[in-house]
Amino acid sequence: MAQTVLLDVSGVLYQGSRAIPGAVQALLRLRAAGRQVRCLTNSTRQPKRRIVAKLQELGFDIQPVEVFTPVAAALAWLERTGHSPHLLVHPALEEEFRGCKHGGPPAVVIGDAGEAFSYDNMNRAFRVLLEGAPLIALADNRVFLDADGRLSLDAGPFIKALEFAGDAKPKLFGKPDPEFFRAAVASTGAEPQQAAMIGDDAESDVAGALAAGLAAGYLVRTGKYRDGDENRCKPAPTATVADVQEAVDRLLAQDGE
1014 MAQTVLLDVS GVLYQGSRAI PGAVQALLRL RAAGRQVRCL TNSTRQPKRR IVAKLQELGF
1074 DIQPVEVFTP VAAALAWLER TGHSPHLLVH PALEEEFRGC KHGGPPAVVI GDAGEAFSYD
1134 NMNRAFRVLL EGAPLIALAD NRVFLDADGR LSLDAGPFIK ALEFAGDAKP KLFGKPDPEF
1194 FRAAVASTGA EPQQAAMIGD DAESDVAGAL AAGLAAGYLV RTGKYRDGDE NRCKPAPTAT
1254 VADVQEAVDR LLAQDGE
């Protein structure tokens, strides 16, 4: 039985400014069936408080403790190692780093910076890497579904550019890092083999979760999904389904509920 269900946010629960049809009810059904729910997002264009507020405004019964972002793990690493962040992130995300200590050796922290991915900003980060700073990647997704309904470049390609130019292997904190999935599952008291993942990204969400030891990974055909995505990554999805409603149907049917 999948005691814990992890869900991606954008593209699975909502798209743009609207909840995906049936997603609110699907979450309620999971709770009614006694499942623990955690939302995992690689979104780094806005702070966690805004993500939680948006979910609640759209009608989802979600509390801050149930939402996992890469920033919290990166902040803990910075605190533990004594590094000071050299930020290459979206301006809206900078508030998350206001409490960081300064004066320690720099670490380049990169997320989806959007328009802030200018040549000057990339070059400044590159020069910091040349001085020996580690490269901290909040997420390395290739693409995301933009507000116009088309795919746009996510942080991954920019991380690859700095990795190549600076000869620096990034330390990843978001999906598909196995520890990101395992930390979310552990917060519910479950083990990875007692959990399932529902996502729209075959690589970061589904293959990442299965590689982390989760029992099942469901790929939805909403959000950034494109035909044939299920055949492009290993491990392959447990199933490719229409949406989060069908994923929940299958999860509960497997458990006889």
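Take the sequence shown: its position 43, counted from the start at 1, is 1056 in the numbering used here, and no numbers get skipped.
Using N, Cα and C, we set each Cβ at its ideal position, and we do this for glycine too.
All values reported here derive from a predicted model rather than from experimental measurement.
In the three-state scheme derived from DSSP, where H, G and I count as helix and E and B as strand, R1031 is classed as strand. In the DSSP assignment, the residues bridged to R1051 are L1019. By DSSP's assignment, I1123 forms a beta bridge with L1101, A1150.
Per DSSP, I1172 lies in no beta strand (DSSP E) segment; the continuous alpha helix (DSSP H) that holds it begins and ends at 1168-1179. Cβ-Cβ distances below 7 Å link P1248 to A1220, L1223, A1224 in the same chain, with the five nearest sequence neighbours on each side left out; the list follows chain order. Beta-bridge partners of M1210 (DSSP): L1019, G1230. In the DSSP assignment, L1026 falls outside any alpha helix (DSSP H) and carries neither an H nor an E. Excluding five sequence positions before and after G1187, the CB atoms of its chain that fall closer than 7 Å to its own CB belong to N1055, P1083, L1151, A1152, F1193, given in chain order. Within the model, the alpha-carbon separation for Y1132 versus G1179 is close to 15 Å.
Distance from the CA of K1067 to the CA of H1115, rounded to the nearest whole angstrom, comes to 32 Å.
In the DSSP assignment, F1186 falls outside any beta strand (DSSP E) and carries neither an H nor an E. In the three-state reduction of the DSSP assignment, A1255 falls in the coil class, being assigned neither a helical nor a strand state. The alpha carbon of R1111 has as its nearest neighbour, out of P1118, D1125, E1092, the alpha carbon of E1092. For F1157, the uninterrupted beta strand (DSSP E) run begins and ends at 1156-1158, by DSSP.
Two segments are said to touch when three or more pairs of C-beta atoms, one from each, lie closer than 8 Å; by this definition the stretch 1167-1182 does not touch the stretch 1209-1216. In this structure, DSSP gives F1073 a state outside helix and strand, which the three-state scheme calls coil. Per DSSP, the beta bridge partners of V1080 are C1052.
S1165 is bridged by DSSP to F1157.
Look at T1057 here: in three-state DSSP terms it is coil, with no helix or strand label.
Shown here, S1217 sits in a helix according to DSSP, grouped into three states. For the pair A1126 and A1146, the Cα-to-Cα distance works out to about 19 Å. In this structure, L1142 is the residue among D1161, L1020, L1142 with its C-alpha nearest to the C-alpha of P1118.
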